[in-house]
Structures are given as structure tokens and as C-alpha cells.
Amino acid sequence: MGNRYADWLQQALQDLEQAEDSRRSNRHEWACFAAQQAAEKSVKALHLYLGQEAWGHVVAKLLQELPKEIAVSQDLIDKGKVLDNFYIPTRYPNSHPVGAPFEHYGTIQSEEAIRYAREIIAFVRAKMA
């Protein structure tokens, strides 16, 4: 089987589009989750592009595990950490002391999540160029 990095990147872009659609529909919890997924899948695409496998769902860790020749700024890793906070709590009510996930996320979170996902995707694309 060939290297499927392009499939991962295309799905990342689709997930980013879903994040934007969810934000416009005021489904901010889904926008945050889809943004996290977009970032995660794009970094996995870069790992595959470089000929290595990547496992897990922690964007910051996936960025840190890139080869040393790929300079990743601490700022980008920190943005990955923000996105990592949207992986589970955006979907499960028992991740919060009270209330359903949709009650805990709004435009501030979804706009930030989408912006950070875009930055990570741009970083990935630049490294693949």
C-alpha cells in the first residue's frame, strides 16, 4: 500500500470545513472538536509524508514527535495544546461538572480553535512544499 499522506491531508481540510460550518450553525462544541481533528489529521499527514507513522490524538505531542529537522515553534505546540482540550470534553457530558458540552463552548472558543487549526495546517503544507 502506498503512502496515504494526501488522504490524511484532504480529510483534515474537510474537517476544517466542518468546523467552519458548525461555527456558523452555532454548534461551537462541534466546531472545536472538528478543528482539533483537522489539526491532528494534518500533522499525521506530515508524519506520513516524511515516511513515519504517528499514533494518538494529542496534537501537541504529534508536533513534538516530528523529526528534529522540522523546526516546530513552542507557540505552535502551545496552540496544539489548546486544541487538545477539545478532543473529549466537547463531546461528553461527564467531562464537565454540570451541563451538556454545547453549554460550555461559544464563539470565542470556536473562532480560536479554527484559527489555530488553520495555522497548524498551513505549517504542515509549508513543510510538504
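Residue numbers (the numbering used here): 635 to 763. Every residue, glycine too, gets a C-beta built ideally from N, C-alpha and C.
Can you list, in chain order, the residues of its chain with a C-beta nearer than 7 Å to that of residue i? Leave out the 5 residues immediately preceding and following it.
i           : result
residue 757 : 710
residue 675 : 642, 645, 646, 649
residue 666 : 720, 724, 739, 743, 744, 747
residue 741 : 662
Using C-beta distances below 8 Å, list every residue in its chain close to residue i, excluding the 5 sequence neighbours before and after it, in chain order.
i           : result
residue 733 : 727
residue 580 : A query on residue 580 cannot be resolved here, the shown segment of the chain reaching from 635 to 763 and no further.
Among residues of its own chain, excluding the 5 on either side of residue i, which ones have a beta-carbon nearer than 6 Å to its beta-carbon?
i           : result
residue 639 : 679, 682, 683
residue 751 : 650, 669, 672, 673
In whole angstroms, what is the alpha-carbon distance linking residue i and residue j?
i           : j           : result
residue 689 : residue 718 : 14 Å
residue 761 : residue 739 : 32 Å
residue 659 : residue 722 : 21 Å
residue 677 : residue 687 : 11 Å
residue 754 : residue 731 : 31 Å
residue 657 : residue 735 : 14 Å
key: Stretch pair the region 707-725 + the region 689-697: three plus CB contacts closer than 8 Å   = The region 707-725 makes contact with the region 689-697, as at least three CB pairs between them are under 8 Å.
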